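Numbering (my numbering), first residue to last: 6 to 307.
Ideal placement from N, C-alpha and C gives every residue a C-beta, glycine not left out.
In this text, all values refer to a predicted model and were calculated from it rather than measured experimentally.
Accompanying notes for the structure given below.
Here it is in structure tokens:
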């Protein structure tokens, strides 16, 4: 369905077979391996995000997951409604909270060092909450992490890859997949997500070479280690090296390591002046002028 069906056009109404609620399609938010996500508006004006899947089983699994991790502070969207419809292209769907923000890779270059650290901590804390339910996110990648630039708040989107611990990973992205680099097997667990966070962080500073997919796992790993050594911010290098050496295996340990990272002090923004030095020199000049005037008056008097 996701690979061949044409997305529903903006303005299309989808009516629930069981709830008889109606949602108006506003546009496509994203297309994944197991469904299309639309921006929608319910007939009472409530905004949402509608996930359309090929089967009722896929919808039921993701819906149950969102309910499992719902509540204050949940990194995932809050569930709103689940239903079927007779509309071609939207037979099985659920509706969730529509999350604002921008993908991590879009905001990362503009984030101050301290904000980058806070964002990474929020990502790991969100994963820790998910891991407490016995599930791994698995498809950790910048496009699935939305960041509010003003507040630094982090939310996750696309729970389609979430997998119970011990099961084969259902959905992944090669450049953030530990198995792709020969670091681990492709089985859901806390360690799998920890590897993914490290790989995602490296990818934000060191874009993958064009031939990466053509290399065997050992050569990919060699490139990865060189990228960490040569291109990653030195403050973060020890953390990601510890992950790659399998010294950090769960979200709580990763959070503790990130908390110890000493980031650089934010520099003044472009176009803004640091007035501290100017004020100091102005004060010195004023004192010199005042002293000179005093001597001039004194000499005239004499």
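Among 196, 164, 183, which one has its Cα closest to the Cα of residue 208? 183
How many angstroms separate the CA atom of residue 22 from the CA atom of residue 29? 15 Å
Pairwise C-alpha distance: residue 18 and residue 144: 31 Å
Please state whether DSSP places residue 153 in a helix, a strand or coil. coil
Can you list, in chain order, the residues of its chain with a C-beta nearer than 7 Å to that of residue 34? Leave out the 5 residues immediately preceding and following it. 42, 43, 44, 54
I need the DSSP call for residue 32, collapsed to helix, strand or coil. strand
Here's the rule: buried if 16 or more other CB atoms are within 10 angstroms of the residue's CB, otherwise exposed. What is residue 69? exposed
Do the CB positions of residue 186 and residue 229 come within less than 7 Å of each other? yes
Through-space distance from residue 241 to residue 152, alpha-carbon basis: 20 Å
Under the three-state reduction of DSSP, which class applies to residue 104: helix, strand or coil? coil
Can you check the region 218 to 262 for any alpha helix (DSSP H) of at least 4 residues that lies completely inside it and give the ranges in chain order? 222 to 235, 242 to 249
Helix, strand or coil for residue 121? Go by DSSP, reduced to three states. helix
DSSP on residue 173, reduced to helix/strand/coil? strand
Own chain, CB closer than 7 Å to residue 15, minus 5 neighbours either side, in chain order: 30, 31, 32
What are the uninterrupted segments assigned as alpha helix (DSSP H) that are 4 or more residues long and contained completely in the region 170 to 215, given in chain order? 195 to 210
Whose CA, out of 117, 224, 244, lies closest to the CA of residue 156? 117
As assigned by DSSP and simplified to three states, the class of residue 279: Confidence is the limiting factor: at residue 279 the pLDDT is only 42, short of 50, which leaves the residue's position unreliable and the question unanswerable from this model.
Please state if the CB of residue 48 and the CB of residue 27 are separated by a distance shorter than 7 Å. yes
Contacts around residue 125, its chain only, beta-carbon distance under 6 Å, and the 5 residues preceding and following it disregarded: 263
Taking 8 Å as the cut-off, does the region 67 to 85 touch the region 128 to 147 (at least 3 CB pairs, one atom from each stretch)? yes
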